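Read top to bottom, the protein sequences are chains S and H.
Numbering-wise (the working numbering), the first sequence opens with residue 5 and increments by one.
Numbering-wise (the working numbering), the second sequence opens with residue 2 and increments by one.
We put the beta carbon where it would ideally sit given N, CA and C, even for glycine.
Computed from a predicted structure; not experimentally measured.
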Amino acid sequence: MSAIAAEAPHDDHGADHGGHGHEELVENNYMKVPNVKLALWTFLGSECMFFGSLIATYFFYLEKSISGPLPAEVFSIEITSISTFVLLMSSFTMALAVDSAKSGAMDKARNWLVVTALCGSVFVGFQVYEFYHFFHMGLALQTSLFGSTFYTMTGFHGAHVTVGVIWLLMCAALVNNGKIKAERAVVIESAGLYWHFVDIVWIIIFTFVYLLEFAK
Amino acid sequence: MSGILHDVESYHSHKKLYTKTAIILTVVTAAEIGLLFVPALKPFFTPMLVIMAVYKLAVVVGTFMHLGDDKNVFRLVFLAPMGMAVAMIYVVGLMVMPHFAPFGDGYVKLATHKSKDERYGTGEYSKEAIAARDNKPPHLSAEKYTALFASTKDFSAGKKLWGANCASCHKADGGGMPGLGPNMTDDCYLHGGSVYDIVNTVTNGVKGKAMIAFKSQLNEEEIDQVALYVRSMRGKNVAGGKKCEGDKVAAK
């Protein structure tokens, strides 16, 4: 595989697709995969390390705070269970959005994207409420090792969900305008990969940070 | 250039599979939460929760993200860092977490590692418990002290000790000082007026007040002597003494 061969796909720009660029779809000649998807998976790989560090740091400092409030004092299993369920279901609606797009039902795809974004917003809403509540129970970012590591970890997760919501709404708008057609469903699929990843990070945080706290 | 653009015609919907997956995820999550309400399973909480979380993760990655039947390169770029992240969480995080490490108490002991009780002063580390542990009970019984007082005629040893150790706060004549020690010559006591009580107060002091514990400065015999002297002052009601603090006891 020479460098020239790798450049080759650019040649059919314009010719086949009437001037619409499909750079994100350009197949990587060597591996036969859409670039956008490869980029997304690689990005998610780095995200594993990112959240891995935050979670490891949380555990490292767990039980080493010298002043309260303690995790078990602030966590509310009911509220977190509800928001967890909402996020989990948003993965389902996201899968349906991708499935609809791939089946050519772009209206449905747009609707599912909006529903998914709504679920994400509900999750973020719960998190804002949770942070507000914890703060008023005396847990600030600088209160203790628990405060610092907990807010950093869950805060970054919440930021990811927020970015995801914006991304999904952008996708929905583009689908609505006809800018994303079924043939480019991989664009929605990629947004979906990001969304599912954010969901699995929460699966880990929910179990290891929240539930294990109640299991002690 | 086949493969770049998605082909709608050849696509088969996965709706049924996704619905099934959503149901599985809901059931497992409900099981995770429900588990916590079954105390009998407590010893298995951690392993069961871990297994269920890993299962959910695998289901989402395998079905929703269909990594299982996608290209190898995706598995490589995603699962390799994920493996490293898991190893990092395990090594850096969980090994120092006393509740999690598989070999008892965690292999890595940090210098700062203290139990929750120690850190937050609860249970056996509460202020009360520590004070109780530090307190040294008088070495004779209450009856013996009362009998000892009844048989003692000479309080001069105690008087000397009083002048040297106590007069600075309670005044040489025992009348007490404003803002410092209470009057010993009235018949009022904050911490009990029997010889036993006085020995106890002098030995262990009054926490949070100027009255310090004398157990490390005077020996048992000296404390007995000064306590007997304090008891002998009761009812003298010296002129200019502080007014009554605490409960009145029988005057003699």
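What S/M93 touches in chain H, judged by beta-carbon distance under 9 Å, is A23, L26, T27, going in chain order. Excluding its 5 nearest sequence neighbours in each direction, H/A211 has C-beta neighbours in its own chain below 8 Å: C170, L181, G182, listed in chain order. Under the three-state reduction of DSSP output, H/P44 falls in the helix class. The Cβ neighbour count for H/I24, taken over all protein chains shown within 10 Å, is under 16; the residue is labelled exposed. Look at the segment 160-205 of chain H and you find these whole runs of alpha helix (DSSP H), each 4 residues long or longer: 168-171, 196-205.
As a beta-bridge residue in DSSP terms, H/D248 pairs with H/Y190. DSSP assignment within the segment 89-153 of chain S yields the following whole alpha helix (DSSP H) runs of 4 residues or more, N-terminal first: 110-140. Relative to S/E217, the option among S/V119, S/T84, S/N181 whose CA is nearest is S/T84. Neighbours of H/Y12 across chain S, judged by C-beta separation under 7 Å: K106, S107.
With a threshold of 16 other beta carbon atoms within 10 Å, S/N181 falls short and is exposed. Within chain H, not a single residue places a beta-carbon under 9 Å from that of S/E134; the smallest gap is close to 17 Å.
The residue among S/T61, S/I59, S/S94, S/S107 with its C-alpha nearest the C-alpha of H/H13 is S/S107.
Judged by DSSP in its simplified three-state form, S/V37 adopts strand. In the same chain as H/Q218, and ignoring 5 residues on each side of it, no C-beta atom comes closer than 6 Å to its own.
With respect to chain S, the C-beta atom of H/P48 has no partner C-beta closer than 8 Å.
Taking 9 Å as the cut-off between beta carbons, none of the residues of the segment 114-125 of chain S comes near chain H. At a cut-off of 8 Å between beta carbons, S/I207 contacts chain H. For H/Q226, the enclosing alpha helix (DSSP H) begins and ends at 221-234. Using a CB distance below 9 Å, the part of the segment 80-91 of chain H facing chain S consists of L80, A81, P82, M83, G84, M85, A86, V87, A88, M89, I90, Y91, ordered along the chain. The Cβ atoms of S/L173 and S/A121 sit closer than 8 Å to each other.
In this structure, S/I207 lies near H/V61, with their beta-carbon atoms less than 8 Å apart. Annotation: Cβ neighbours of S/H200 in chain H (cutoff 7 Å, chain order): V61, F65, M66.
Between the alpha carbons of H/S157 and H/Y230 lies a distance of about 8 Å. Of the candidates S/P38, S/L42, S/M35, S/F47, S/F47 places its Cα closest to the Cα of S/F201. Interface criterion met: the Cβ of S/C52 is under 8 Å from a Cβ in chain H. Counting of Cβ neighbours within 10 angstroms places H/T202 among the buried residues, the total reaching 16 or more.
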